[in-house]
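Peer 1: Residue numbers (this note's numbering): 69 to 404.
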Ligand code: VGL
Ligand code: ZN
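(1) Using only Cβ atoms and a threshold of 5 Å, which residues come within that distance of a heavy atom of the ligand VGL? Order them by chain position.
(2) Going along the chain, which unbroken runs of the beta strand (DSSP E) with 3 or more residues stay wholly within the region 96-166?
(3) Among 352, 342, 287 and 366, whose alpha-carbon lies nearest the alpha-carbon of residue 329?
(4) Report the residue from 150, 321, 137 and 105 whose alpha carbon sits nearest the alpha carbon of residue 267.
(5) Should residue 313 be counted as a contact of the ligand ZN given a C-beta to heavy atom distance under 7 Å?
(6) Less than 6 Å between C-beta atoms, sequence neighbours within five positions excluded: which residues of the same chain meet that for residue 349?
(7) For residue 370, count neighbouring Cβ atoms within 10 angstroms of its own Cβ and tell me buried if that reaches 16, exposed if not.
(8) Assuming residue 341 and residue 182 make a contact with CB atoms under 8 Å, what is their CB distance in whole Å?
(9) Using a threshold of 8 Å, state whether the C-beta atoms of residue 275 and residue 346 are closer than that.
(10) How long is the line joining the alpha carbons of residue 301 and residue 239, rounded to whole angstroms?
(11) Would the beta-carbon of residue 175 be found less than 7 Å away from any heavy atom of the ligand ZN?
(12) In chain order, what residues of the same chain have a beta carbon less than 7 Å from the beta carbon of residue 214, not counting five sequence neighbours either side?
(13) Short of 8 Å in beta carbon distance, which residues of its chain neighbour residue 77, apart from the five on each side in sequence? Order them along the chain.
(14) Suppose the cutoff is 8 Å on Cβ atoms and the five residues either side in sequence are ignored; what does the same chain contact list for residue 372 look like?
(15) Where residue 363 and residue 226 are concerned, what is the direct C-alpha to C-alpha distance, given to the nearest angstrom?
(16) Since residue 302 is in the alpha helix (DSSP H), which residue starts that stretch and which ends it?
(17) Just reading off the alpha helix (DSSP H) that residue 413 is part of, what are its end residues?
(18) Comparing C-alpha positions only, which one of 114, 155 and 271 sits nearest to residue 391?
(19) Leaving out five residues on either side along the sequence, give the residues of the same chain with a beta carbon under 8 Å from the beta carbon of residue 135.
(20) If we ignore side chains and look at the alpha-carbon of each, how far apart do residue 320 and residue 158 end up?
(21) Could you check what DSSP says for residue 364 in three-state terms: helix, strand or coil?
(22) Can you list the alpha helix (DSSP H) stretches of 4 or more residues lying completely in the region 229-312, in chain order?
(23) Thinking just about the alpha-carbon of each residue, which of 179, 322 and 361 is nearest to the one in residue 351?
(24) Report back the beta-carbon spacing between residue 313 and residue 92 to the nearest angstrom; my notes put them in contact at under 8 Å.
(25) What does the Cβ neighbour count give for residue 358, buried or exposed, with the cut at 16 atoms within 10 Å?
(26) Whole angstroms is fine: what's the gap from residue 191's alpha carbon to residue 305's?
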């Protein structure tokens with residue numbers, strides 16, 4: 069750490085000014101061929117101001133400790149998890165075959181690039197999720213008669229078609245998109261697709277297991293009533309970066325990426341390892357990931373990123389924003 073500080077303290081005054089900090093960023097944010105990614109001036113200044121905790125326009129050696137321990141170290145040596153979402157028979161060739169949905173995408177096409185990643189990239193851990201519903205699940209159009217629709221429902225029980233959104237009675241009311249029956253617990257349709265590689269020591273996460281609430285994200289159900297074990301497991305593994313992919317792009321993959329970002333993880337969506345339901349919704353998913361400081365990559369870019377040889381400024385900025393929040397929270401605690 070001291071050597072790094074001194075190496076970048078060009079004028080040797082014992083402080084890093086914004087220009088010296090800019091040189092650090094130019095060293096950090098590069099691809100695996102050494103090409104520097106541009107970091108715009110506003111973001112550079114914002115990151116600098118987060119580590120300049122005394123707000124005097126300079127980073128001293130004491131302020132650099134946080135920058136080194138919590139920022140540079142993670143950027144250079146991230147701890148990465150690979151989350152493979154719902155690559156199950158029903159979404160590929162079963163009752164909710166996504167090739168019959170409006171985007172007409174083929175779920176089978178994710179198998180090869182995902183297997184390729186599993187074979188070539190040394191993730192710190194790998195998780196597979198399962199959509200795992202009881203037969204009376206609220207999301208199944210076949211079960212519409214089991215529950216009462218609220219008078220505010222935009223579609224009546226008689227008129228409802230698969231993929232419509234209805235509102236069920238309840239406190240609060242439950243907005244629910246209707247799907248054909250799929251991924252019934254222990255059925256063939258809920259099994260992972262046979263050619264998907266399952267690595268040793270992988271973790272499995274089951275979601276959507278409660279009849280009256282759907283669960284798109286692998287972190288929480290749609291009402292955020294209960295969380296899966298994923299949050300705790302990732303925290304115990306000291307995970308810094310989440311790589312997410314699978315089926316369906318605009319449903320469970322999108323919801324999982326959104327939650328990963330909201331928890332504060334550096335989040336990477338692997339575009340060519342996802343297939344989805346609706347083109348407009350896929351675009352909304354991508355836009356929201358980018359807006360929330362995640363990145364979207366193709367699978368051939370992943371290995372260098374996991375190995376810390378390709379370091380993205382968006383992810384550096386995301387981490388700095390999270391550190392800013394934790395600094396503010398710890399200040400609030402001191403005041404209390
Ligand atoms: C999913 C629709 C219904 C998914 C799950 O895994 O994306 N989509 N249930
Ligand atoms: Zn489902």
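We treat Cβ as the ideally placed atom computed from N, Cα and C, and that holds for glycine. Here the structure is a predicted model, which is why all the values come from computation and not from measurement.
Peer 2: Based on what the coordinates show:
(1) That query returns the following residues: 154, 199, 247, 316, 319 and 320.
(2) Entirely contained in the region 96-166, the beta strand (DSSP E) runs reaching 3 residues are, in chain order, 148-153.
(3) Of the listed residues, the one whose Cα sits closest to residue 329 is 287.
(4) Here the closest residue by C-alpha is 150.
(5) Flag unset: Cβ of residue 313 not near the ligand ZN.
(6) Around residue 349: 318.
(7) Around the beta carbon of residue 370, 16 or more other beta carbons lie within 10 angstroms, which makes this residue buried.
(8) Rounded, the Cβ-Cβ distance is 5 Å, consistent with contact.
(9) Against a cut-off of 8 Å, the Cβ pair of residue 346 and residue 275 comes out as no contact.
(10) Cα to Cα, residue 301 sits roughly 32 Å from residue 239.
(11) No, since every heavy atom of the ligand ZN falls outside the 7 Å radius drawn around the Cβ of residue 175.
(12) Only 204 meet the Cβ criterion.
(13) Taken in chain order, the residues that qualify are 83, 84 and 88.
(14) Excluding residues within five positions, the ones whose Cβ falls inside 8 Å are 99, 100 and 378.
(15) Cα to Cα, the separation comes out at about 42 Å.
(16) It spans 298-304 - the alpha helix (DSSP H) in which residue 302 sits, taken as one unbroken run.
(17) Outside the modelled stretch of the chain, which goes from 69 to 404, sits residue 413, for which no answer is possible.
(18) Residue 114 is the option with its Cα nearest to residue 391.
(19) Cβ contact annotation for residue 135 (same chain, cutoff 8 Å, sequence separation greater than five): 119 and 127, in chain order.
(20) If I take the Cα positions, the gap works out to 14 Å.
(21) Here residue 364 sits in strand by DSSP.
(22) As summarised for the region 229-312, the continuous alpha helix (DSSP H) elements at least 4 residues long and confined to that stretch are 298-304, given in chain order.
(23) The candidate whose alpha carbon is nearest that of residue 351 is 322.
(24) Contact between residue 313 and residue 92 is absent: CB atoms are separated by about 32 Å, not below the 8 Å threshold.
(25) A residue is called buried once 16 or more other Cβ atoms fall within 10 Å of its Cβ, and residue 358, having fewer, is exposed.
(26) Their Cα atoms are separated by approximately 12 Å.
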